[in-house]
Every structure is written in C-alpha cells, then in structure tokens.
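In my numbering, the protein residues as written are 879 to 1342.
Glycine included, each C-beta is placed from N, C-alpha and C at the ideal position.
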C-alpha cells in the first residue's frame, strides 16, 4: 500500500501500544483507536514494505465488544489505550498476549500452557484504581493554565482534571492549585523557554489509610506564597503530606532529587495485606493496591514457604514483596539498585518489626554473582544456596549473568513476576533449558483499560 491510500480494514488484534491491527491483502496496518471486531475506513499515513500506519477515518461496522469510553478525552490522552474495549474482552486479549509470547518466544507448547495457565485475575471495577497520578502543568493558546495528561508520544497536554483511572479527590486538589496559581500569578512551566515555576503535581492516595500526599515539582529553589496554598490544601480531607520537589533541569525526568517539606510529613503510609509501608514522593510503589495484594499473594503462594526457607528477592524496590515473603520465610535477602529504595525498605522492615529481612544496594546482576563467588571462596568451595529466588525485574528482564547464577544456586523454586511477557518468555526459555520446568502461570490485570499486564510464574527444579 502507499501513503494516502484509503483502505477498508477489519481489526483483528491489538498492538503493543494499543493500536488496532488489520490486514489488506496480506499487508498489515496499525490503526489507532481501532477495536477488535471493528470494520473501519482508514487512510495510510506511513507505508513500509510489509506494514504501515493508518488513521481511522470512520467506523463502518462497530465491533460487538466496543463500548462507550467513560473518559471524554480517552482517545486524545495517551493513558487508556483500550478503554473502548469491553472489559471481559480486555482480559481475554491480555491472557492471549501472555500465552502468545510464551508460545512464540519461550517455545512452550500450547498443551503445556493449557495445563499450567490459571485464569487471569481481573477487577470488579476497572476504574478509579490508581493511587498515584502525575499531572503536567502548562498554558493553552489563550494563556490559561491547564493541567491533565500528555497526548500519546507527545508533550501536548490534554486538559483533564478528572481521570477515570485516578482518585476522584484529584480534581478538587488540582482545582485548588490552579486557582492559587491564577490568584498569585504563578506561571506554569514552559518546556520551550525553560521559564515558569510549576512543572508537575504528584498526588498519592493511601487506599487503606485514606492519607493524601501532594508534591509540586517546581523550576526554582523557592515556592512563593506557599503558605496560602498549604492553607487551602489542608482543608482536603485526608491531606497528610505537602511537599515540593526542585527540578531546574532541561529534562523529561519529572521529579527532582531534592524534596522540601511545606506541611505535615514527607510521606504517607498504606498497607498491602497486613504489611505497612511508608511512601515518599520518590518511592516506587505499585499504583493499583488491590491488584498488588492479589499479585503478591500469588507470589507468596507460589513460593511455598513453611518458615524454614532462605529467599532472595531481586529488584526488591522498597521491599514490598520482600516483607510480604518475610512473614513466612526464615530469611529474606532483598537487592535493589536505588539507594533511596533500600533505605525505604529498611525503614519499612522496622515499621513492621520484621527482623528476618536484609537488604543490599546494587545491581541484582552484580550482587548475586558476587555473593555466589565470595561464598564459595569463604566456605572452602561450598555453594551458596537459596530455597526460593523471587525476581521482579524491569521491562528489559534479567541479564543472562543473573539467570546463570540463579541456575547455579539451584533453588527449589523460582517465582518470576514480570511486567513484560515478551522478556519474561525469553528468560523462562533459558531457565527451562537449564534445569527448571514451568509449573504455574497467572496474569494479573494491574492496569485495566491499558495494554499492560503483569504475570506471576512458578518454576520448579526438575530434580525434585
């Protein structure tokens, strides 16, 4: 096909970024806003040899699974890629996505996956589940202050104070901040000129404690008239922490490293199960607390702990999984590259009076191999051992050096928590070619109305 050509396409699948996928005489087209089952008229905007990108012009035949979007700007905003797909079909798509990657990349047979894959864990209500939101600030063409979310793959702000995935309290908080900025003529940040003060606002909400955090990201060392803003924000029920983060860099990184307290405390608290966590503006903490508890419970069940096990938790963050596991393990070692996260993990262990968790700062792919080698050297060739290893890596998955060390340590069970089923499948292929077999797989819909899905996997050593 050629650029500007018009085609009639039936949408048959969804791509990694949420775009509809269809074919015309074997030629693949990616069409934003297409839903599986739609028949659409689309205009080719970019044509490659075997595939192209097209703009949806009109829907000729609506999919039986198409639903009205809850959010009026769902199509413009980059956050909810598949909000117009019925939720049951979203779950079916995500389960199919995980299965497909395990078959195609991991090389696992459909028969095996049929026996080990458990039903995806969805939500009763796939809206208003996020405990965290970051809102960029800017001005529109009339010079009015706006806040909302970036349009997909751009830094164009789509005005929206009431996200259908976030807490309803966000709208009130944003209104207070915009009114304050207008009253005191405080300018929003302009990425082009580098001028203006307010860049972003981070809002966190404790689903169990009902505590609220507001952190303003500012392009300056001081925050003029902040006492007036604090007075208004304090009136919001649950307000616990008001801070500002200094970020004067020309960067896409949202948060600065320097956090200053305006009122209250520098953190809020919340629970996953019966484990309490302190959460600062810079803490990594899962955004969907209900599904996080489900995910961690699966990880705990898969670990099969009796109280006698030594467990390594790699990429442990602020210790969320580590402390969950420590309730039923003899000893847990957590590893995380971010020093602040390890400080949070240690603080959270003390907060819960958990004495059997120890944390190390560093790259998991360096810390574990070094520990393994040093242990053999210090114990006259005796191998370092773990009963269970839990990994929850970033999207790129685990480096082969780490996987190799895991195999050499020969734990009875490996629990792999993944946010990317493609790299998960790649790593499982390596582990299953080196002494392990696939026992259980469960997808968890941590991010309804988006294309993202978490997966929890149990591997067992073959010699058992």
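In the same chain as residue 905, and ignoring 5 residues on each side of it, the C-beta atoms closer than 8 angstroms to its own belong to 879, 928, 929, 930, in chain order. The residue among 1203, 1057, 962, 1088 with its C-alpha nearest the C-alpha of residue 1109 is 1057.
A Cβ-Cβ contact shorter than 8 angstroms links residue 907 with residue 932.
In terms of Cα proximity to residue 1019, the closest of 1007, 1009, 1005, 1037 is 1037. Rounded to the nearest angstrom, the gap between the Cα atoms of residue 1254 and residue 1245 is 14 angstroms.
Under the three-state reduction of DSSP output, residue 1294 falls in the strand class.
Sequence-distant partners of residue 1149 (beyond 5 residues in either direction) whose C-beta falls short of 6 angstroms from its own C-beta, in its chain, are 1086.
The C-beta separation of residue 976 from residue 1331 comes to about 6 angstroms, placing the pair in contact by the 8 angstroms criterion. Bridge pairing for residue 934: 920 [DSSP]. In this structure residue 1314 is buried. Its beta-carbon is surrounded by 16 or more other beta-carbon atoms within 10 angstroms. The C-beta distance from residue 900 to residue 889 rounds to 5 angstroms, short enough to meet the 8 angstroms contact threshold. Here DSSP, grouped into helix, strand and coil, assigns residue 1051 to helix. Counting only runs of 3 or more residues that sit fully inside the region 1190 to 1275, the beta strand (DSSP E) segments are 1209 to 1214, 1235 to 1239, 1266 to 1269, in chain order. Here the alpha carbons of residue 1321 and residue 1129 stand approximately 34 angstroms from one another. The continuous alpha helix (DSSP H) containing residue 971 extends over residues 965 to 982.
In the DSSP assignment, residue 943 is bridged to no other residue. By the Cβ-count criterion, residue 1327 is buried, with 16 or more other Cβ atoms from all chains shown falling within 10 Å of its own Cβ. A distance below 6 angstroms between beta-carbons, with the five flanking residues on each side excluded, links residue 1091 to the following residues of its chain, in chain order: 1082, 1119, 1146. Here residue 1160 carries a coil assignment [DSSP, helix/strand/coil].
From the listed residues 984, 1166, 1141, the smallest Cα separation to residue 1045 is found for 1166.
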